[in-house]
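As they're listed, the protein sequences go chains A and E.
In this text, residue positions in the first sequence follow my numbering: the first is 18, and each later residue adds one.
In this text, residue positions in the second sequence follow my numbering: the first is 18, and each later residue adds one.
Glycine included, C-beta positions come from ideal geometry on N, C-alpha and C.
Treat the numbers as computed from the prediction; the structure is a model and nothing was measured.
As structure tokens, the structure follows; a few thoughts come after it.
2 protein chains.
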Amino acid sequence: MMKKDGVTIYQIAKEANVSPATVSRVLTGKTNVREPAKSRVQALINKYNFKPNVMARSLYLKQSKMLGIILPDIDHPFYSMIVKELERQALEKGYTCLLCNSMQSFSIEQNYLENLISRQVDGIVFLGGRINQTHPTEELVNGMNEALQHVPMVLVNGKMEGVEAHTVRTDEANGVRRLIDLLYNHGHQTIGLLGGEVGVSSTDEKVSVFRETMEQKGLTFKERWIHSSGYSIEAGERDAMHLIHLDERPTAVLCINDFVAIGAMKMFKKFGLKVPGDISVTGFDDTYLAEHFPPGVTSVNHNYRKLAKKTIETLVGLIHSEDQVKESVIPTYVTVRHSCEEWQHD
Amino acid sequence: MMKKDGVTIYQIAKEANVSPATVSRVLTGKTNVREPAKSRVQALINKYNFKPNVMARSLYLKQSKMLGIILPDIDHPFYSMIVKELERQALEKGYTCLLCNSMQSFSIEQNYLENLISRQVDGIVFLGGRINQTHPTEELVNGMNEALQHVPMVLVNGKMEGVEAHTVRTDEANGVRRLIDLLYNHGHQTIGLLGGEVGVSSTDEKVSVFRETMEQKGLTFKERWIHSSGYSIEAGERDAMHLIHLDERPTAVLCINDFVAIGAMKMFKKFGLKVPGDISVTGFDDTYLAEHFPPGVTSVNHNYRKLAKKTIETLVGLIHSEDQVKESVIPTYVTVRHSCEEWQHD
DNA sequence: CTGAAAGCGCTTACAG
DNA sequence: CTGAAAGCGCTTACAG
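Laid out in structure tokens, this is it:
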């Protein structure tokens, strides 16, 4: 079913009165081929619209020029933005990407991991899923280590205890600190943290940095002001609702991502709380939603292009057996919008 | 660089004291292998965590079990939603997907098309880009026809004059009619159409259905109420701005997609026009944004899962050389939200 | 049931 | 510069 026609280098060779090797040479362009023959071959290639079978080539060359990308959900703007940049960078270096949505399932994730290896991808970019488990199961760790025996891999914004993989991550901790700074400078003394999932490292890290920083600044916060029921807009609504029902509320909330921020803002509005008048809100990831959702959400940008560039560079370096730094950190920055403002003390 | 270890069927065979053919047989499971040998081989496979080289297998079998997906921009929720469903359906049938973002460039699109063929994908799903050009260049048409000689292809929500490809499309025309019905029943007599791009079939079709339907219903509309400057949120802002500056405005606008609707609503709001109080707005595609962007946007849903299912079924059917209907139409439906309401005549 | 052989479509040392 | 040969890692008729 691959090629209905099934033209090969051999047909071309025969018709051009040369050897298959010669056809191959004009195809790769690495060795010179003398003129009468060269044009004859080229003409036949055009005539048949011949496309060399890259699998056969890959088999011999032991490189497929394919990269696998494993992620939880392409629907999430955070991932679609990264994927686009990864693909762009990969293409520039001659690689084609296999996209694998694990749909939040560890078993699909594992299947994809093995599938990619069987398909001989030259390297894998791994995002989300198991590499963000604060306490991954042994099975998950083993699956990863087995994969690493077969293929170079770069983990993006994640890591695993007991797995010696290269990682590229954005400085989310600093993002959190900057956000708190910003709110602090706006006069906020009480801040909450909404969204995410306990046991997921990207949440756990943000929470612990949040605690530290609040303490350092001598700001008060209550455990009840930290509430994490997920990453979706609906989660933001739920977590905001929780806050609304407390006797004492913070004057500002950090949200784990832009979706949660949006959900929270919707719920605040529903209960008559103005954002930013009554409560300031920040997001995270700086997706296009942060820009466009009224009143515009202050958010932390991951420097997507830099992140993708470093990721692909590291992976391709590993593919070429070059030494690469074990962990690269990409700076983040805060994009300020209208969802937070000065807090007027009573 | 493919496998650092490079364990093959031959090593396993030697160590298990059987022929490579026998190893292959336990791998594929199609032929029975007698017991002492079978377990020995299986044990070795586990020991080495051996993964058969699918490229080699594909080379012999002449099927790669890979599908290519070509689309303009995965960042757009419309595409990411479709891709997710396509991938799900493909996976169910044992296919892995190669994702190709053309980034709105015809030349990248063409490169990908050829790349996918070289990589021996068993089939291609084509979305957006050239198949939505109302008047594609000859070059674009030829590129498509040449590709079709090599590989089965299904076009989603598009087609090309002079290209005999199978298509699956959603009933966008009916979506437009339903939207107009809805507004009409709400008492709107004057309706505009915002967003899109002249020369792109998905726009051109909507515009012409819009004209027809308005005429049929005896509704007035002015050419100046149709304004198309793109598909982005910014385009929605621009097109709304255009409307705002006219002396006479319609009481409702259809927007080409949810992004445009969002941009338009932002701009209306900025100029003190309430949605839906002063002007009703509808979107298209029913992405999650339509649900969550206040006040909630009435939009047309493409039945994404059905669309993806039919697409993959058709493509896989073609791969198996089965006859398939040339054009499948998936019904659309309107999801009603708060962005349109009764029009109060003065 | 199982092994030896051929073949999938390429590319590259190896000799000329 | 160019051809014959070997090999990439599999799978499946073909004989036993």
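Checklist entry - Is DSSP giving E:R186 helix, strand or coil here? => result strand
Checklist entry - When the Cα atoms are used, what is the spatial distance from E:D275 to E:H244? => result E:D275 and E:H244: Cα-Cα distance of roughly 16 Å.
Checklist entry - Any beta-carbon of chain A closer than 8 Å to the one on E:H152? => result no
Item to check | Any beta strand (DSSP E) of 3 or more consecutive residues that is wholly inside the segment 23 to 111 of chain E | outcome: 83 to 88
Next on the checklist: Here's a check: name, in chain order, each residue in its chain whose Cβ is nearer than 6 Å to the Cβ of E:R322, leaving out the five neighbours to either side.
Outcome noted: Correct list, in chain order: E102.
Next on the checklist: Our contact map puts E:I336 next to E:G111 with C-beta atoms below 8 Å; I'd like the distance itself, whole angstroms only.
Outcome noted: The pair is not a contact, with the Cβ atoms about 11 Å apart (cut-off 8 Å).
Checklist entry - Looking at C-alpha atoms only, which residue of A:V71, A:L44 and A:M72 is the closest neighbour of A:A60? => result A:L44
Next on the checklist: What would DSSP say about E:E229, mapped onto helix, strand or coil?
Outcome noted: helix
Checklist entry - In the structure shown, what three-state DSSP assignment does A:S246 receive? => result coil
Checklist entry - How big is the Cα-Cα spacing for A:A325 and E:D90? => result Annotation: A:A325 to E:D90 spans about 17 Å, alpha carbon to alpha carbon.
Checklist entry - With 8 Å set as the bound, which would you pick, yes or no: does the beta-carbon of A:V100 sit closer than that to a beta-carbon of chain E? => result yes
Checklist entry - Apart from the five residues just before and just after E:I296, which ones in its own chain have a Cβ nearer than 8 Å to its Cβ? => result R266, P267, T268, A269, V270, F285 and L290
Next on the checklist: Taking CB distances under 8 Å as the criterion, tell me whether A:R354 reaches chain E.
Outcome noted: no
Item to check | Rounded separation between E:M282 and A:L260 - CA only | outcome: 29 Å
Checklist entry - With which residues is A:G213 paired in a DSSP beta bridge? => result A:G247
Item to check | Where A:P53 falls, given that 16 or more other Cβ within 10 Å makes a residue buried | outcome: The residue in question, A:P53, is exposed, as its Cβ has fewer than 16 Cβ neighbours within 10 Å.
Checklist entry - the segment 110 to 132 of chain E: which residues have C-beta closer than 9 Å to a C-beta of chain A, in chain order? => result T113, C114, L115, L116, C117, N118, M120, I125, N128, Y129, E131 and N132
Item to check | Candidates E:V314, E:D256, E:M161 and E:S75: closest to E:L196 by CA position | outcome: The residue among E:V314, E:D256, E:M161 and E:S75 with its C-alpha nearest the C-alpha of E:L196 is E:V314.
Next on the checklist: Please tell me whether E:T184 and E:K176 are closer than 8 Å, where the distance is taken between their beta carbons.
Outcome noted: yes
Item to check | Cβ shell of E:E126 (< 7 Å), same chain only, five flanking positions each side left out | outcome: I87, S119, G146 and R147
Checklist entry - Are there 16 or more other CB atoms within 10 angstroms of the CB of A:S225, so buried, or fewer, so exposed? => result Answer is exposed; the Cβ neighbour count stays below 16.
Item to check | Residues near A:I220 by beta carbon distance below 7 Å, same chain, minus five either side | outcome: At residue 220 of chain A the sequence reads Thr, which differs from the Ile that was named. The answer, listed in chain order, is G213, E214, S245 and I273.
Next on the checklist: What residue range does the alpha helix (DSSP H) around E:E126 cover?
Outcome noted: F123 to S135
Checklist entry - If you pair each beta-carbon of the segment 303 to 319 of chain A with each one of the segment 350 to 363 of chain A, do three or more pairs fall below 8 Å? => result yes
Checklist entry - According to the neighbour-count rule (16 or more other Cβ atoms, all chains shown, within 10 Å of its Cβ), is A:L116 buried or exposed? => result buried
Item to check | Cut-off 7 Å between Cβ atoms - residues of its own chain near E:S345, not counting five sequence neighbours on either side | outcome: The answer, listed in chain order, is V185, K327 and T331.
Item to check | Expected contact under 8 Å - CB spacing of E:G216 and E:H262 to nearest Å | outcome: Their Cβ separation, rounded to whole angstroms, is 25 Å, which puts E:G216 and E:H262 out of contact at 8 Å.
Checklist entry - Mind checking if A:F285 is an interface residue toward chain E, Cβ cutoff 8 Å exclusive? => result Taking Cβ atoms only, chain E never reaches closer than 8 Å to A:F285, which makes this a no.
Checklist entry - Do the segment 60 to 70 of chain E and the segment 59 to 75 of chain A make contact, defined as three or more Cβ pairs closer than 8 Å? => result The segment 60 to 70 of chain E is not in contact with the segment 59 to 75 of chain A.
Checklist entry - So E:G160 is in the alpha helix (DSSP H); what residue range does that whole segment cover? => result E155 to H167 is the span of the alpha helix (DSSP H), which, as asked, contains E:G160.
Checklist entry - What is the DSSP secondary structure of E:N202, counted as helix, strand or coil? => result helix
Checklist entry - Among residues of its own chain, excluding the 5 on either side of E:V158, which ones have a beta-carbon nearer than 8 Å to its beta-carbon? => result M177, E178, G179 and V180
Checklist entry - Using the beta-carbon count (16 or more within 10 Å), is E:Y129 buried or exposed? => result buried
Checklist entry - For a contact meaning CB atoms closer than 7 Å, what does A:Q206 contact in chain E? => result By Cβ distance, chain E contributes nothing, its closest Cβ being about 30 Å from A:Q206, past 7 Å.
Next on the checklist: Just checking: is the beta-carbon of E:A73 within a distance shorter than 8 Å of some beta-carbon in chain A?
Outcome noted: yes
Next on the checklist: Going by C-alpha to C-alpha distance, which of E:R255, E:M231, E:L144 and E:L199 sits closest to E:S316?
Outcome noted: E:L199
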